[in-house]
Amino acid sequence: MTNPTTDLYQAGTRKKWILITLLMILLTGSVFYALNAGSYQLSPSQVLSVLSGVITGNTETLTPNDKIVVFDFRLPRILLAVLTGISLAIAGTVMQALLRNPLVSPFTLGLSSAASFGAACAIVLGAAWLPYIADVYQNYVIVTAAFILGWLSILLIYGISRVKGSTSATLILSGVVIGYIFQAGVMILKYVSNNEKLREITLWLMGGMWGANWNAIIVITPICIICFLYLESLSWDLNALSAGDDIAKNVDVRVEKLRFRGLLVSTLAASVCLAFTGIIGFIGLMAPHIGRMLIGSDNRYLIPCSALLGALILLISDTFARTIMDPIEIPVGVIMYLIGGVFFMILILQGKHRVIT
Amino acid sequence: MTIQVSDLCVSYGSFRVLKDVNCSLENSEILCVIGPNGSGKSTLVKALAGILTPDSGTIIINGSDADTISGYERGRTIGYVPQDFSYLTSATVLELVLLGRRPHVSWSLSETDLAIVYSALEQLGILGMAQKNITALSGGERQKVFIARALAQEPELFLFDEPTSALDIRHQIDVFEMMRDLVRHKGRSVLVVVHDLNFAYHYSDRVILMDEGSIVATGPPDQVMTHDLIESVYHVPMQYVDTSQGRYIMPLWT
Numbered sequence: 249m250t251n252p253t254t255d256l257y258q259a260g261t262r263k264k265w266i267l268i269t270l271l272m273i274l275l276t277g278s279v280f281y282a283l284n285a286g287s288y289q290l291s292p293s294q295v296l297s298v299l300s301g302v303i304t305g306n307t308e309t310l311t312p313n314d315k316i317v318v319f320d321f322r323l324p325r326i327l328l329a330v331l332t333g334i335s336l337a338i339a340g341t342v343m344q345a346l347l348r349n350p351l352v353s354p355f356t357l358g359l360s361s362a363a364s365f366g367a368a369c370a371i372v373l374g375a376a377w378l379p380y381i382a383d384v385y386q387n388y389v390i391v392t393a394a395f396i397l398g399w400l401s402i403l404l405i406y407g408i409s410r411v412k413g414s415t416s417a418t419l420i421l422s423g424v425v426i427g428y429i430f431q432a433g434v435m436i437l438k439y440v441s442n443n444e445k446l447r448e449i450t451l452w453l454m455g456g457m458w459g460a461n462w463n464a465i466i467v468i469t470p471i472c473i474i475c476f477l478y479l480e481s482l483s484w485d486l487n488a489l490s491a492g493d494d495i496a497k498n499v500d501v502r503v504e505k506l507r508f509r510g511l512l513v514s515t516l517a518a519s520v521c522l523a524f525t526g527i528i529g530f531i532g533l534m535a536p537h538i539g540r541m542l543i544g545s546d547n548r549y550l551i552p553c554s555a556l557l558g559a560l561i562l563l564i565s566d567t568f569a570r571t572i573m574d575p576i577e578i579p580v581g582v583i584m585y586l587i588g589g590v591f592f593m594i595l596i597l598q599g600k601h602r603v604i605t
Numbered sequence: 009m010t011i012q013v014s015d016l017c018v019s020y021g022s023f024r025v026l027k028d029v030n031c032s033l034e035n036s037e038i039l040c041v042i043g044p045n046g047s048g049k050s051t052l053v054k055a056l057a058g059i060l061t062p063d064s065g066t067i068i069i070n071g072s073d074a075d076t077i078s079g080y081e082r083g084r085t086i087g088y089v090p091q092d093f094s095y096l097t098s099a100t101v102l103e104l105v106l107l108g109r110r111p112h113v114s115w116s117l118s119e120t121d122l123a124i125v126y127s128a129l130e131q132l133g134i135l136g137m138a139q140k141n142i143t144a145l146s147g148g149e150r151q152k153v154f155i156a157r158a159l160a161q162e163p164e165l166f167l168f169d170e171p172t173s174a175l176d177i178r179h180q181i182d183v184f185e186m187m188r189d190l191v192r193h194k195g196r197s198v199l200v201v202v203h204d205l206n207f208a209y210h211y212s213d214r215v216i217l218m219d220e221g222s223i224v225a226t227g228p229p230d231q232v233m234t235h236d237l238i239e240s241v242y243h244v245p246m247q248y249v250d251t252s253q254g255r256y257i258m259p260l261w262t
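First to last, the protein sequences are chains G and E.
Position 247 of the first sequence, counting from 1, maps to 495 under this note's numbering, and the rest follow consecutively.
Position 249 of the second sequence, counting from 1, maps to 257 under this note's numbering, and the rest follow consecutively.
Printed below as a string of C-alpha cells:
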C-alpha cells in the first residue's frame, strides 16, 4: 500500500520533471526563433539547412552569407546569451542558498561592479602594463582581470558575513558599498582614458552579447558545465543549509567548507560570463525567484529550473534588444536593468514577510 | 545509546559557558536539562550535537570518542532540534521534513524514506499541512515541523532544545508523550532542555540541573528537584504540592 506522502512526493516530482522538460522545449524554440530573427532575412528552412550542413560537414551547397550570419554571427551570440543566463542564474540560486538570503545575487553583492573595475583596468592599463601581449590576447587579459576582481569582492562579502552575520541589511549594504568603491575606480579610469577606450569601457559597463564569438563559447562552455554539475551535486547540502546552520551541521554538512567552495564555484561561473558580456544585472536574482515560485525550493530541481529560466530570460531579452530597433541594437544589459529593477521593486513591495526579513 | 561527558569546557570567544561539565546519558531514558537562562543548557546540547567544538574535555558516544566519529555517523545517530530556527524563503512542510532523510540518502528517496516521513508527519498531527508553505504556519506548527524533521532522521538519540516553547498545553503534552513513547517502545534516548519544571519532574527519568555553566545536581527528579535546590538556583520561593496525581512545583506568589 502506498502512503499519501509518497503519492504527494511522486506527484510533485513528476510535476517538476514536466516543468523542466517544458522549459527545455521553450528554450529550444527560443533558440530557433532567435536564429531566424534579425535584419538579414532567413527562412526557417534556410536556417535548418545551414545547421544540418555545419553538423554534417557538408557546407558546399550553402550560400556563404547564410552560413556566416547563422553560424558565425547569430549562433555564438545565442549560445553566449544562453550560457550567461545559465551561469548567472545558478550562481544566484546557490549564493542565495549559501548565504541564506533571498536577495543575494552576483549583481546585488557587488560582484558585477568589481568585475567591471577589473575589466576597465585591463582595458585602460592593459596595453601599457603588458606591452608584450599581442592585441589578439588583450581580450583574455580583460576576462582574467574581471574574474579576479569579481572573486575578490565575493571574498570580501564572505568575510563580512562571517564577522557580521548574513542578514539582508549586512549583505545588501556591503554589496552596495563595495559597488560604490569599485565604481569610483571605474570613474577614475574613465576620466583618464582616451576616447576609444572610453567607448570600450562604456560598452562593457552596459553589458551586451557583442563579445560573442566561438572562442568565447569554447572558453565558457566547459566552465559552465562543470560549475553546473558541481553546484547541482551540492543540492542536498544546500537544502539542509536552508533549515539553518545548526541543523545542517547535525545532518553532516560541513557548513564552512560548503560555503567557501560553493561561493568559489558560483563566482567562477558568474564572472567568467560577465567577463565576456560586461555587466548583466538581475538575472541571478530573478531566475531563482521565479524558479522557486514554479518548482519549489528543493535545490535538486531548483538549480536546473532557474538555469533554464535564466537562459530563457536573457536570450529573449537579447533577441528583443537586437531586433526591436533594427538595425540599431540596444545593449541587453540596459534592458535587464529595466526589467530587473521593476522585479526587485515588486519583491520589496509584496515580499515584506516572505522575502525580505 | 550512551553518552559519557567528562570535564567538558566550551567557550564563545573568551567567554567560558561550560565549565568542567561531567554527565552521562543512559540507554533508553528521558534526560531533562533544567536551569535558569544562560546556565549553559543549549551550549551543552550543541556540543553533544557536534555543532560547537569544545575547548577541552571528552564526549564518548557509544564507547568511542566523539572526535573519531564521522559526521556521517553522527548524523545518523543524533537528531537535533534547535531552540530557534529560521528558514530561507519558502519551502513546504514536506520538503523540510524530507531533510531529515539527508544522512540516509545519497540522491533520490526510496519508498521506505517516504514511509518514514509519512509516519513522522502523522505522529505530530501535521499530515494535512504537508503541502503548506512553512512561512504560512504559526510558531507552534513550525516547531512541530522541526520535531517531525528530527523524527524522520531516525536517530538513536534526540536532542531537543526547548521543543515545546511555542506550543499550547495540549500539544506540549502530546510532544512529551511522543518522547516517552520513543524511549519506552522504540528504545531511543531523549535529552531535552525544558523550562517547565512540572514537565521535567513528571516526564524525566533523570534530571540535570545546571547553573552558571556547571552542573549543580544530577539524578532522578525527586532527588534533584528538591525544594532547597530549586529555590537556590532560580531565586524564587517555591511551593511543592503533593497530590494523588503526583507532585506539583509552583512559584510562591509574594
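Note that the Cβ used here is the ideal one computed from N, Cα and C, for glycine as well.
### Task
Rank G:N547, G:I576 and G:T571 by C-alpha distance to the C-alpha of Y281 (chain G) and give the top, closest one.
G:T571
### Query
How is D182 (chain E) classed by DSSP in three states: helix, strand or coil?
helix
### Message
So if DSSP puts T100 (chain E) in a beta bridge, which residue, or which two residues, is it bridged to?
### Response
E:N141
### Message
Between E:I59, E:D15, E:I42 and E:H235, which has its C-alpha nearest V249 (chain E)'s C-alpha?
### Response
E:H235
### Message
With a threshold of 7 Å (Cβ to nearest heavy atom), would V352 (chain G) be considered close to the ligand COA?
### Response
Ligands displayed in this structure: none; no statement on the ligand COA is therefore possible.
### Query
Would Y110 (chain E) count as contacting chain G if we go by Cβ distances under 8 Å?
In the sequence on display, residue 110 (chain E) carries Arg and not Tyr. Yes, R110 (chain E) lies at the interface with chain G (some Cβ there is under 8 Å from its Cβ).
### Query
So, do the region 510-530 of chain G and the region 440-447 of chain G have three or more beta carbon pairs nearer to each other than 8 Å?
no
#### Entry: Boundaries (first-last residue) of the alpha helix (DSSP H) holding L310 (chain G)
Note, L310 (chain G): premise wrong, no alpha helix (DSSP H); not H, not E.
### Task
Mind the definition here: the region 388-408 of chain G touches the region 320-334 of chain G only if three or more C-beta pairs lie below 8 Å; say whether that holds.
no
### Query
Is there at least one Cβ from chain G nearer than 8 Å to Y256 (chain E)'s Cβ?
no
### Endpoints, beta strand (DSSP E) assigned at P259 (chain E)
G254 to P259
### Task
List the residues of chain G that G83 (chain E) touches, going by C-beta distances under 8 Å, in chain order.
N498, V499 and D500
### Task
Excluding the 5 residues preceding and the 5 following M137 (chain E) in the sequence, name in chain order all residues of the same chain whose CB lies nearer than 6 Å to its CB.
V101
### Task
With DSSP as the reference, label Y439 (chain G) as helix, strand or coil.
helix
### Message
Can you pull the chain G neighbours of S146 (chain E), defined as C-beta to C-beta under 8 Å?
### Response
Those within 8 Å of S146 (chain E) in chain G number zero; the least Cβ separation is about 13 Å.
### Query
How many whole angstroms separate the CB atoms of P575 (chain G) and S287 (chain G), which I take to be in contact at a CB cut-off of 8 Å?
5 Å
### Task
Would you verify that the beta carbon of E119 (chain E) is, or is not, closer than 8 Å to some beta carbon of chain G?
yes
### Whole-angstrom distance between T450 (chain G) and L256 (chain G), CA atom to CA atom
52 Å
### Task
Can you say whether I155 (chain E) is buried or exposed, counting buried as having 16 or more other CB atoms within 10 angstroms of its CB?
buried
### Query
Using a beta-carbon distance below 8 Å, is S545 (chain G) in contact with chain E?
yes
#### Entry: Option in E:L107, E:S47 and E:H210 with minimal Cα separation from I495 (chain G)
E:L107
#### Entry: R84 (chain E) (DSSP reduced to helix, strand or coil)
helix
### Query
Which residues in chain A sit within 9 Å of L102 (chain E), going by Cβ to Cβ distance?
The question asks about chain A, but that chain is absent: this structure's protein chains are G and E.
### Sequence ranges, beta strand (DSSP E) only - wholly within the region 24-99 of chain E, length at least 3
38-42, 64-69 and 86-89
### Task
Give the secondary structure of S545 (chain G) by DSSP, where H, G and I count as helix, E and B as strand, and everything else as coil.
coil
### Message
Just to make sure I have the definition right: I need the residues of chain G whose C-beta is within less than 8 Å of the C-beta of L129 (chain E). Which are they?
### Response
T253
### Query
Of all Cβ atoms in chain E, is any one closer than 8 Å to the Cβ of I495 (chain G)?
yes
#### Entry: Any C-beta of chain G under 8 Å from that of L107 (chain E)
yes
### Task
Would you mind telling me which residues of chain E sit closer than 9 Å to W484 (chain G), beta carbon to beta carbon, in chain order?
L107, R110, V113, S114 and W115
### Message
Helix, strand or coil for T605 (chain G)? Go by DSSP, reduced to three states.
### Response
Confidence at T605 (chain G) is low in this model, with a pLDDT of 43, below 50, so the placement of that residue is unreliable and no value is reported for it.
### Query
What is the C-beta distance between T10 (chain E) and N30 (chain E), in whole angstroms, given that I count them as a contact (C-beta under 8 Å)?
Contact doesn't hold; Cβ gap of about 14 Å is too wide.
### Message
Tell me which residue opens and which closes the alpha helix (DSSP H) that F476 (chain G) is part of.
### Response
W462 to S481
### Query
Are M233 (chain E) and V215 (chain E) close, meaning C-beta to C-beta below 8 Å?
yes
### Message
Under DSSP, the beta strand (DSSP E) around T226 (chain E) begins and ends at which residues?
### Response
S222 to G227
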